[in-house]
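Visitor: In the numbering used here, the protein residues as written are -11 to 206. The C-beta atom is built at its ideal place from N, Cα and C for all residues, glycine as well.
Below, the structure written as structure tokens:
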């Protein structure tokens, strides 16, 4: 973990690993963020290819790495990247984290998408959006080709966002409400994944609630 935080809640990466590559002939990888102060996205081989010679000076199982541009430590208690990476195909999206128990007065912003190049066996940065705070596990929808999550802006206002999967541009922004509570905040998403049902409705767990956003286009 080198120079990562060593506080009460974090002595290394809190990022839940995500699997990448599910079909025959695909690169079979584990994607996870490490414990550096500015986190590095790592790809580890689940099945090491027979012709893989390894990266210089690294363990043979490490397939690739990329330092995340939108990853800044906000305290000595949590990593800047805690939530599980979101994978669709060989694309990975992951966002800056701001804690479980309220996100502070000025939450750090940043969402990024990275692509695994299967020919060159390396990560390549696709886009970075530094205008949005998405505090939960990002959820991708193939139907809309957007990635969703919620976050906090100024004056304790919470919003739900949808970003274009290809460009990272903001396509959807819905005001959820206002709450300055640290505990039992009805809108604060401390690291949950979103659920999209058959009708296109969105659900996520707040600090003291279950939040539903109803699809008004159906």
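Just to confirm before moving on: does the CB-CB distance between residue 122 and residue 138 stay below 8 Å?
Guide: Within the chain shown, residue 122 is the residue found at index 134, counting from 1. Within the chain shown, residue 138 is the residue found at index 150, counting from 1. For residue 122 and residue 138, yes; Cβs fall inside 8 Å.
Visitor: To the nearest angstrom, how far is it from the Cα of residue 187 to the Cα of residue 199?
Guide: Within the chain shown, residue 187 is the residue found at index 199, counting from 1. Within the chain shown, residue 199 is the residue found at index 211, counting from 1. Spanning the two alpha carbons is a distance of roughly 16 Å.
Visitor: Can you check the stretch 84 to 134 for any beta strand (DSSP E) of at least 3 residues that lies completely inside it and give the ranges in chain order?
Guide: Complete beta strand (DSSP E) runs here, min 3: 99 to 105, 110 to 117, 127 to 129.
Visitor: Compare the Cα-Cα distances from residue 67 to each of 171, 108, 84 and report the closest residue.
Guide: In the chain shown, counting from the first residue as 1, residue 67 sits at position 79. Taking only the C-alpha atoms, the option nearest residue 67 is 84.
Visitor: Can you list, in chain order, the residues of its chain whose CB lies under 6 Å from that of residue 195, leaving out five sequence neighbours each side?
Guide: Translated into positions along the chain shown, residue 195 becomes position 207. Closer than 6 Å at Cβ, skipping near neighbours: 172, 173, 176.
Visitor: So which of 78, 13, 134, 28 has the shortest CA-CA distance to residue 2?
Guide: Counting from one through the chain shown, the residue named residue 2 turns up at place 14. Selected option, being the one with the closest Cα: 28.
Visitor: Reducing DSSP to helix, strand and coil, say where residue 47 ends up.
Guide: Position 59 of the chain shown, counting from 1, holds the residue named residue 47. Note: residue 47 maps to coil in three-state DSSP.
Visitor: Taking the straight line between their C-alpha atoms, what separation do you get for residue 11 and residue 35?
Guide: The residue you call residue 11 lines up with position 23 of the chain shown. The residue you call residue 35 lines up with position 47 of the chain shown. Residue 11 and residue 35: Cα-Cα distance of roughly 13 Å.
Visitor: Consult DSSP for residue 143 and reduce its assignment to one of helix, strand or coil.
Guide: Stepping through the chain shown from its first residue, residue 143 is reached at position 155. Helix, per DSSP.
Visitor: In three-state terms, what does DSSP make of residue 170?
Guide: Reading the chain shown from its first residue, position 182 is the one you call residue 170. Residue state, collapsed to three classes: coil.
Visitor: As a quick exercise: from 180, 156, 204, 46, pick the residue whose alpha carbon is nearest that of residue 197.
Guide: For the purposes of this step, residue 197 is taken as the residue at position 209 of the chain shown. With distances taken between Cα atoms, residue 197 lies closest to 180.
Visitor: Go through its chain and collect everything with a Cβ distance to residue 43's Cβ below 7 Å, but skip five positions before and after it.
Guide: Residue mapping note: residue 43 aligns to position 55 of the chain shown, counting from 1. For residue 43, where only same-chain residues beyond five positions count, the Cβ hits under 7 Å are 50.
Visitor: State buried or exposed for residue 13, treating a residue as buried only when at least 16 other CB atoms are found within 10 Å of its CB.
Guide: Stepping through the chain shown from its first residue, residue 13 is reached at position 25. Per the 10 Å Cβ criterion, exposed.
Visitor: So residue 33 is in the beta strand (DSSP E); what residue range does that whole segment cover?
Guide: Along the chain shown, read from residue 1 onward, the residue named residue 33 stands at position 45. 28 to 33 is the extent of the beta strand (DSSP E) around residue 33.
Visitor: Would you decide whether residue 97 is buried or exposed? Buried here means 16 or more other CB atoms lie within 10 Å of its CB.
Guide: Looking up residue 97 in the chain shown gives position 109. So residue 97 ends up on the buried side.
Visitor: Among the candidates 71, 82, 154, whose CA atom is the shortest distance from the CA of residue 88?
Guide: As a working mapping, residue 88 is identified with position 100 in the chain shown. Comparing Cα-Cα distances from residue 88 to each of 71, 82, 154, the minimum goes to 71.
Visitor: Check the C-beta distance from residue 160 over to residue 149 and give it rounded, since I have them as a contact under 8 Å.
Guide: What you label residue 160 is simply residue 172 of the chain shown in a count that begins at 1. What you label residue 149 is simply residue 161 of the chain shown in a count that begins at 1. Yes, they are in contact, since the Cβ atoms of residue 160 and residue 149 sit about 6 Å apart, within 8 Å.
Visitor: Is it buried or exposed, residue 86, if we count other Cβ atoms within 10 angstroms and call 16 or more buried?
Guide: Residue 86 sits at position 98 when you count from the first residue of the chain shown. Residue 86 comes out buried.
Visitor: Quick one: grab the DSSP three-state call for residue 1.
Guide: The count along the chain shown starts at 1 and reaches residue 1 at position 13. In the structure shown, residue 1 sits in coil (DSSP, three-state: anything other than H, G, I, E or B).
Visitor: Assuming contact is defined by CB atoms lying nearer than 8 Å, are residue 33 and residue 7 in contact in what I supplied?
Guide: Within the chain shown, residue 33 is the residue found at index 45, counting from 1. Within the chain shown, residue 7 is the residue found at index 19, counting from 1. Cβ distance not < 8 Å, so residue 33 and residue 7 don't count as in contact.
Visitor: In the DSSP assignment, what residue or residues form a beta bridge with residue 18?
Guide: Position 30 of the chain shown, counting from 1, holds the residue named residue 18. The partner list for residue 18 (beta bridge, DSSP) reads 7, 32.
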